[in-house]
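Chains as they are written, first to last, in the numbering used here: chain A, 1 to 394; chain B, 1001 to 1394.
For every residue, glycine included, the Cβ atom is placed at its ideal position computed from N, Cα and C.
As the structure is a computational prediction, the values presented were derived from the model and not from experiment.
Below is one structure, written out as structure tokens; the observations come after it.
2 protein chains.
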Amino acid sequence: SSTVSSSCQAWTRRLWEFVREDSNRVTFAFKVGLAVLLVSLLILVRAPYDIFGTNIIWSILTVAIMFEYTVGATFNRGFNRALGSLLAGVLAIGVGQLALYSGRVAEPIIIGITIFLVGAIISFMKQWPSLVPYEYGFRVILFTYCLIIVSGYRMGNPIRTAMDRLYSIAIGGFVAVLVNVLVFPIWAGEQLHKELVASFNAVAEALEECVKKYLEDEGLAHPEFTKTVMDEFSNEPAYTKCRSTVNSSAKLESLANSAKWEPPHGRFRRFFYPWSEYVKVGAVLRYCAYEVMALHGVLHSEIQAPYTVRITFKSEIEDAVTKAAEVIRDLGKEISNMKRIGDTIRSSLLKGVHNSAERLQRAVVAKALPPTNGDENDDKMSSQLIIGNFEQRK
Amino acid sequence: SSTVSSSCQAWTRRLWEFVREDSNRVTFAFKVGLAVLLVSLLILVRAPYDIFGTNIIWSILTVAIMFEYTVGATFNRGFNRALGSLLAGVLAIGVGQLALYSGRVAEPIIIGITIFLVGAIISFMKQWPSLVPYEYGFRVILFTYCLIIVSGYRMGNPIRTAMDRLYSIAIGGFVAVLVNVLVFPIWAGEQLHKELVASFNAVAEALEECVKKYLEDEGLAHPEFTKTVMDEFSNEPAYTKCRSTVNSSAKLESLANSAKWEPPHGRFRRFFYPWSEYVKVGAVLRYCAYEVMALHGVLHSEIQAPYTVRITFKSEIEDAVTKAAEVIRDLGKEISNMKRIGDTIRSSLLKGVHNSAERLQRAVVAKALPPTNGDENDDKMSSQLIIGNFEQRK
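The following block contains the structure:
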């Protein structure tokens, strides 16, 4: 039982860590609970139920399907659902009336054919690259069309059915949006901003970590690269963050997509805030991350330059890396504070990187150019140095 | 009108290209149409409608929501929906009975509280990292629970409602799975296999393209990196493919996740086929792609080694790159044919790479080690050479 209680403790600790990492997680959970409760009250309390009837059930479905983590994503999904329902409703009512006038035999045939056509065309369209973000809207069109036209056929009066359903979907959407915006709103724009700043810091940290390991390591205890690449490299936390930066393009894009739907808020007091610039900066930063990942690959590759060679330029390497990481961090800070640092500061930073890079170059040239009549040992070292270098490139 | 007809022609051509690129897109669209048609027939034809009543409408909803591109993804989504509906049904019936026995006043209060709790707990749980893939299942639990318990309260007999709904969901799921598996099935496993092989080729091509551009380019007409990085680099098709390889981790993982649900098929005649190994190989390959992306960054950076320096080792560089690309392509071919090439062939390939790398090293050493009393010109060149090198690293 002591093992049970200790594993229970460990589990509680993990749960606590998970919550503390991002308290929005709990906020979001409570908001969902609140939204479904509010919309259920519409049915549990007698008055609204008497007005809207059983169709009010669709408002619950709408809340459960539409409620998203951020304000922007909820707006976006709501827009998809509203427009999709509207289009499908108009189409279904039109086709339904047409089928009604074409006689008892033709009616189910026309309905069947249009269902097939709508299914096929919608499914084809949603694969078109520029329409992919609206995948959910297409799904809504498909099932709304089928529902309205089929229930119209079996239950008569498709317009009444459609309108009742649209009302209850609108109520559900309204509740979802209200709760999402008014109760501790989680803004996609704010998330995007934080995410990008964190990426800058992650790249800078990973760069420093990589080089530190390279200079520390005796080059003997290398676990096989292909075996460890999938694992977490748990002793390299900065690398893990950098890897998630490398894979962040989809996340940044979807956040920017959501943020476009949000009204001005907090520090972002402008309509048409240029959220897509965040995605572009992220793409450029990712190029830095690729270089760091390439360095990381070197660190864990099997063929390594001997420790003595690596340590030769220790101070120069460390200096260059510190300066480079500083530049990346400062760019991140600029974005974080939404303030340009002066051009003079920036150019002095860049000059610092350039100088320490040159110092490293000079050191390499000095060691790699032994006197032509140099002794065997020196020669061997310089060749190892260059081969070590090449292995990095491959 | 000639501009209209020409833009219409251009549009048709793009559409045709889109279809020819992957004919599965049309197949998928027709399959969706067929599935919704089949399930609609259940309502349009009198007999099944008389048996199941209006609840049969849920089978349409199920098909529209469950039908996915690949067989595995459909199974996966179907499993989520089935298990979610079942759990929610059991829970709702239990709570519903409990609330029923607790009196007229307490009943709506109990129902309201449980709706809030289920909403909050489900929304919290689905954010837990290891449960994220089942996000859809949690959504299903939430809205099924609300629907059953609320309609049970208002319409009486929750068990009957729940059972009818489960039946029609099962029918919808059955139709979706049947059509997906029997009519031109699109297997996630096959897609995963092709995707990985294509990635190997993309990396090899991009490597060659990069170096070719580097040696071709006069180093003068460089568009600014930050301005072009977001565009398509339309004159570098291989790079675009390589970039999508770099961003493919989510795609490979979701395909592997889907493939696990598929029965043995085609060339993959084994239960428990090791699909996760594809993801691992993809991760290792991505490290190669990072290096190529790093090289690509060099190609488009502002500071460039002068053309004369770059061209000095042209033949050695080209030889090394060709050999390296060959190794990558051969690994891709091995996976494509699902056959190991002999160890001797592989080791001779690797030795080829190694030899041409060494030849390049030697050439660099020879040029970078001018006699210590060398003339000014030579010295300047070697320093430029090394600085050019360093810029690549940064």
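{"Query": "Chain B residues whose Cβ lies nearer than 9 Å to that of Ser85 (chain A)", "Result": "Within 9 Å Cβ-Cβ: nothing; Ser85 (chain A) doesn't reach chain B, min ~13 Å."}
{"Query": "Interface partners of Pro1108 (chain B) on chain A, CB under 7 Å", "Result": "Leu44"}
{"Query": "Nearest-angstrom Cβ-Cβ length linking Thr1290 (chain B) and Ala294 (chain A), presumed shorter than 8 Å", "Result": "In the sequence under discussion, the amino acid at residue 1290 (chain B) is Tyr, which differs from the Thr named in the question. The pair is a contact, with the Cβ atoms about 5 Å apart (cut-off 8 Å)."}
{"Query": "Coarse secondary structure for Phe1018 (chain B), derived from DSSP in three states", "Result": "helix"}
{"Query": "Three-state secondary structure (DSSP) of Phe1268 (chain B)", "Result": "strand"}
{"Query": "6 Å CB neighbourhood of Leu369 (chain A) in its chain, flanking five on each side removed", "Result": "Interpretation of Leu369 (chain A) is limited by its pLDDT of 49, a score under 50 that renders its predicted location unreliable; the figure taken from the coordinates is listed afterwards. Once the five neighbours on either side are set aside, Leu369 (chain A) has no close Cβ partner at all."}
{"Query": "Contact list for Ile111 (chain A) against chain B, beta-carbon separation under 9 Å", "Result": "Ser1040 and Leu1044"}
{"Query": "Spatial neighbours of Phe1067 (chain B) in its chain, beta-carbon cut-off 6 Å, leaving aside the 5 residues before and after", "Result": "Val1032, Ala1035 and Ala1176"}
{"Query": "Chain A within 7 Å of Leu1142 (chain B), Cβ atoms only", "Result": "yes"}
{"Query": "Residue closest to Ala1198 (chain B), alpha-carbon to alpha-carbon, out of B:Thr1240, B:Gly1172 and B:Ile1171", "Result": "B:Thr1240"}
{"Query": "8 Å Cβ shell around Arg243 (chain A) - same chain, five flanking residues per side excluded", "Result": "Met293"}
{"Query": "Continuous alpha helix (DSSP H) stretch holding Pro1108 (chain B): start and end", "Result": "Ala1106 to Met1125"}
{"Query": "Members of the stretch 1276 to 1299 of chain B near chain E, C-beta cut-off 7 Å", "Result": "Chain labels in this structure do not include chain E; the protein chains are A and B."}
{"Query": "Ala1256 (chain B) and Tyr1273 (chain B) closer than 7 Å at C-beta", "Result": "no"}
{"Query": "Member of B:Asn1201, B:Leu1131, B:Val1132 and B:Trp1275 whose CA lies at the smallest distance from the CA of Leu1252 (chain B)", "Result": "B:Trp1275"}
{"Query": "Minimum Cβ-Cβ distance from Leu1037 (chain B) to chain A less than 7 Å", "Result": "yes"}
{"Query": "Inside the stretch 123 to 174 of chain A only - alpha helix (DSSP H) runs reaching at least 4 residues", "Result": "135 to 155"}
{"Query": "Unbroken alpha helix (DSSP H) run spanning Phe79 (chain A), endpoints", "Result": "Val71 to Tyr101"}
{"Query": "For Asn257 (chain A), the first and last residue of its enclosing alpha helix (DSSP H)", "Result": "Ser249 to Ala259"}
{"Query": "Buried or exposed (CB count within 10 angstroms, at least 16 for buried), Asn337 (chain A)", "Result": "exposed"}
{"Query": "Min CB distance Ser1464 (chain B) to chain A below 7 Å", "Result": "Since the displayed chain B opens at 1001 and closes at 1394, residue 1464 (chain B) lies outside it and no answer follows."}
{"Query": "Coil, strand or helix - Ala1238 (chain B) by DSSP", "Result": "helix"}
{"Query": "Status (buried if at least 16 other CB within 10 Å, exposed otherwise) for Ile1056 (chain B)", "Result": "buried"}
{"Query": "Rounded C-alpha distance that separates Lys1323 (chain B) from Gly1332 (chain B)", "Result": "14 Å"}
{"Query": "Close beta carbons around Asn1373 (chain B), own chain, < 8 Å, minus the five adjacent residues each side", "Result": "Because Asn1373 (chain B) carries a pLDDT of 37, less than 50, the predicted location of this residue cannot be relied on, and no value is offered for it."}
{"Query": "Alpha-carbon to alpha-carbon, Glu1205 (chain B) and Leu1091 (chain B)", "Result": "56 Å"}
{"Query": "Any C-beta of chain A under 7 Å from that of Cys1210 (chain B)", "Result": "no"}
{"Query": "Phe1116 (chain B) vs Leu44 (chain A) beta-carbon contact at 7 Å", "Result": "no"}
{"Query": "Asn1080 (chain B) at chain A interface by Cβ criterion, 7 Å", "Result": "no"}
{"Query": "For Glu1205 (chain B), the three-state DSSP class (helix, strand or coil)", "Result": "helix"}
{"Query": "Continuous alpha helix (DSSP H) stretch holding Gly1297 (chain B): start and end", "Result": "Trp1275 to Leu1299"}
{"Query": "Exposure label - Cys146 (chain A); buried when at least 16 CB within 10 Å", "Result": "buried"}
{"Query": "Beta-carbon contacts of Leu299 (chain A) that lie in its chain and below 7 Å, excluding the five residues immediately before and after", "Result": "Cys210, Lys213 and Tyr214"}
{"Query": "Cross-chain neighbours of Gln304 (chain A) in chain B, by beta carbon under 7 Å", "Result": "Going along chain B, no residue has its Cβ under 7 Å from Gln304 (chain A), so there is no contact; the nearest lies around 15 Å."}
{"Query": "Trp1128 (chain B): contacting residues in chain A (beta-carbon distance under 8 Å)", "Result": "Phe18"}
{"Query": "Below-7 Å beta-carbon distance, Arg1025 (chain B) vs any chain A residue", "Result": "yes"}
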